[in-house]
Amino acid sequence: METVTRFAPSPTGYIHIGNVRSAIYPYLLAKQQHGKFILRIEDTDRGRYVEGATELIEDTLRWLTLDWDEGPLVGGPQAPYFQSERKEIYHAYAKRLIEAGRAYADPTPPEQIEQYRKECNDQKIPFLYRNYRPTDTPEWHPGIPLRFKAEPQNYQWRDEVMGDMHAGPEVQDDIILIKKDGYPTYNFAHIVDDAEMGVTHVMRGVEYLSSTPNYLALYDALGLTRPKLVSLPHILAPQGNKKLGKRDGAKSVTEYRDDGVLPEAMLNYLACLGWNDGTEQEIYTKEELIERFSLDRIQTSGARYDETKLLWMNGQWIRRIFNERGVDALFERTEGFWPDVADEHSVEYRKKVLSIIYDRLKTLSDLREMTAYFFADPELDMNMLLNNKFLKKLSESELENLLKTSIAKLSSLPETTWNADSLQSTLNQLLQETGKKPAELFSLIRLALSFAPFSPALNLTMEVLGRDASLARLNAVARAIQ
RNA sequence: GGUCUCGUAGUAUAACGGUUAGUACAUCGGGUUUUCAUCCCGACAACGCGGGUUCGACUCCCGCCGAGAUCGCCA
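Residue numbers (my numbering): 17 to 498.
Set out below in structure tokens:
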């Protein structure tokens, strides 16, 4: 049978780190099995609906390259893929249950139910609505909730991650199937949809584990075959032991995109948070993840989100793209991350800058801070120069002399041989002639050129900057010291 | 309170019942003729506790402790 998985978010806001993984794993499994990955929007709670949230979800999945085979925008045989547009289907299933005597309209006012609940809580006994089941139930009609009529029994099932599970009658209850407003609850809608859409693996967070017996009762009552159940452990917040949520400041996935994180790195990191293939490999392409993914190696315990490791992985991916696919491939990703002044420079020039700076980027947005001096003359900051840990040992006149000697020597290098190699040998000669330590001489020239806390190797920086700009900047500093 | 789940270094994880308990991030130290970074080398650092089974237990069993989930006309 073809493997069909789905990601079924509610359009109540952005997708964050704590919940994308329940899109990633189903996607990986579906692709590995050459099956289908469905996107379904669970928008049955009109009160929590957020305008634009569906687009945010689509945007997030597309960025991560988790393309869905059926769902919004692409359609599919079971369209529509918005639950709010599938009311008739749920009602049809509901009627089946009513006819079978497994569902009833509940006239009990909410306040009364609340009263029952309170009684139980006060007596510290579990609240089960079926103990308060109304005896006189009207015919079901819009405006009145429909409840499932539980017939509690022992259930056994297998969770692909958690293993063999069992539960007794004490957790089965008369859950609401259709709300007063006519929309189905999640508990009912997802079962109907998964069946209609042929979903073979229901993958979702562990928080649904406790309600599984109720779902099993529904499958049975509707005569549906159970899909495979896969409980995904939570991603925990950096502090505390709670699952990561918006209240912990969980950033949206797209925020990381805007901060210069690559989708490859995000996918890689998240996939490996709570899953591994048993080898010591750390960096995986999407194709490798698809190939190696397996349900039985998903962790059973929660995993803590560690942004530092994500950023490390992002640095690895930046280097990997540059080294394996070349500067052009990486450059394509950098659009929008350059400092504003870079706009005035050619693509070729920016690529040169990128190829000497790429290996110190953790995120693409580091470009803004790290490359400004390549595009505009830096502001002279003599304090930075004079207080440098190597340069502060030298007097101002020493610095001036050193700078002048350097300018004279570098000026002797004509435009035609102003390249990394000859610059390096010239710099080496300069070291010999002045008798200075590299730390002193090179720091001086480096700072005079960039006034940045760090920069690439000096010869490379000068090569990219060019002869004119390099000499002009050195001269400007020489004048300022006087 | 009921039910369920989880428990290897700070973090993520590996380990047929037999290993000096491995790897990565982080941290600290060192190296690659400047800085920052990359890269390389090294250090620190863990089986929640207590019983049992066994020649031998991180691994199997029981108890305890700790953490989490759930008990909505939210998903």
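Each residue gets a CB set at the ideal place from its N, CA and C atoms; glycine is no exception.
Predicted model only: the values in this text are computed from it and were never measured.
Endpoints, the alpha helix (DSSP H) within which residue i is located
i: S466; result: P454 to S466
i: D344; result: V343 to R349
i: Y231; result: T228 to L238
i: I194; result: Looking at the DSSP string, I194 is not in any alpha helix (DSSP H); the run it does join, the beta strand (DSSP E), is I192 to I194.
i: Y120; result: Careful: Y120 lies outside any alpha helix (DSSP H), inside the beta strand (DSSP E) at A119 to A121.
i: A392; result: No alpha helix (DSSP H) contains A392, which DSSP labels as neither H nor E.
i: M478; result: L474 to L481
i: Y109; result: K103 to E115
i: K408; result: It is not in any alpha helix (DSSP H) - K408 carries neither H nor E in the DSSP assignment.
i: R149; result: Taken as a continuous stretch (DSSP letters only), R149 belongs to no alpha helix (DSSP H), as it is neither H nor E.
i: L278; result: Per DSSP, L278 belongs to no alpha helix (DSSP H) and is neither H nor E.
Where the beta strand (DSSP E) containing residue i begins and where it ends
i: I314; result: Taken as a continuous stretch (DSSP letters only), I314 belongs to no beta strand (DSSP E), as it is neither H nor E.
i: V20; result: V20 to F23
i: F164; result: L162 to F164
i: Q172; result: Y171 to D175
i: D397; result: Where D397 is concerned, there is no enclosing beta strand (DSSP E), given that its DSSP letter is neither H nor E.
i: Y272; result: Careful: Y272 lies outside any beta strand (DSSP E), inside the alpha helix (DSSP H) at V269 to D274.
i: A436; result: Element bounds for A436: not the beta strand (DSSP E) but the alpha helix (DSSP H), A436 to T450.
For residue i, the three-state DSSP class (helix, strand or coil)
i: F338; result: helix
i: H206; result: helix
i: M219; result: strand
i: V246; result: strand
i: W79; result: helix
i: Q48; result: helix
i: P126; result: helix
i: Y285; result: helix
i: L487; result: helix
i: E298; result: coil
i: Y365; result: helix
i: L252; result: strand
i: D180; result: strand
i: W328; result: helix
i: N377; result: For clarity, residue 377 is Leu in the given sequence; the question names Asn instead. Reduced to three states, the DSSP call for L377 is coil.
i: E16; result: Residue 16 is absent from the model: the chain starts at 17 and stops at 498.
i: E155; result: coil
i: E303; result: helix
i: P96; result: coil
CB contact flag (residue i, residue j, <8 angstroms)
i: D61; j: S38; result: no
i: L283; j: I40; result: yes
i: L245; j: T270; result: no
i: L45; j: T19; result: yes
i: R366; j: W354; result: yes
i: D16; j: Q99; result: One cannot answer for residue 16 here, as it falls past the ends of the chain, which runs 17 to 498.
i: L443; j: G276; result: no
i: P42; j: T70; result: no
i: D190; j: R149; result: yes
i: I251; j: L289; result: yes
i: P243; j: V218; result: yes
i: A121; j: I160; result: yes
i: Y374; j: I334; result: yes
i: K196; j: G117; result: no
i: I314; j: V177; result: yes
i: V363; j: T387; result: no
i: A281; j: N330; result: yes
i: P168; j: P185; result: yes
Proximity winner among the options, relative to residue i (alpha-carbon distances)
i: D312; options: G159, I129 and L248; result: L248
i: E348; options: L278, S411 and L402; result: L278
i: N446; options: R462, L465, K425 and A464; result: For the record, residue 446 in the displayed sequence is Leu; it is not Asn. Checking every option, the nearest Cα to that of L446 belongs to K425.
i: L77; options: Q48, V36 and P243; result: V36
i: W79; options: E414, S371 and K302; result: K302
i: E223; options: T295, E130, E385 and G318; result: G318
i: V493; options: D175, S310, Q440 and L402; result: L402
i: G256; options: D210, R242, E296 and Y321; result: Y321
i: M213; options: A24, R462 and L410; result: A24
i: Y171; options: L326, S226 and D293; result: S226
i: P472; options: S371, G91 and P185; result: S371
i: I399; options: G352, A464 and E280; result: Strictly speaking, residue 399 in this sequence is Asn, with Ile absent from that position. Checking every option, the nearest Cα to that of N399 belongs to A464.
i: H107; options: G198, E67, A253 and L474; result: G198
i: E323; options: T316, D344 and A266; result: A266
i: D75; options: E412, M386 and Y272; result: Y272
i: I33; options: E167, L260 and R146; result: L260
Check your understanding: Can you find at least 3 beta carbon pairs, one from the segment 414-421 and one from the segment 448-466, that sit closer than 8 angstroms?
Key -> yes
Review point. Do the segment 462-482 and the segment 421-438 meet, that is, are 3 or more Cβ pairs less than 8 angstroms apart?
Key: yes
Practice item. State whether the segment 106-122 contacts the segment 236-246, with contact taken as three or more CB pairs (one from each stretch) at a distance under 8 angstroms. Key: yes
Practice item. Report yes or no: do the segment 46-56 and the segment 83-91 share at least 3 C-beta pairs separated by less than 8 angstroms? Key: yes
Review point. Three or more beta-carbon pairs under 8 angstroms between the segment 349-360 and the segment 376-395, yes or no?
Key: yes
Check your understanding: Quick check: the segment 452-463 against the segment 397-409, are there 3 or more CB pairs under 8 angstroms?
Key -> yes
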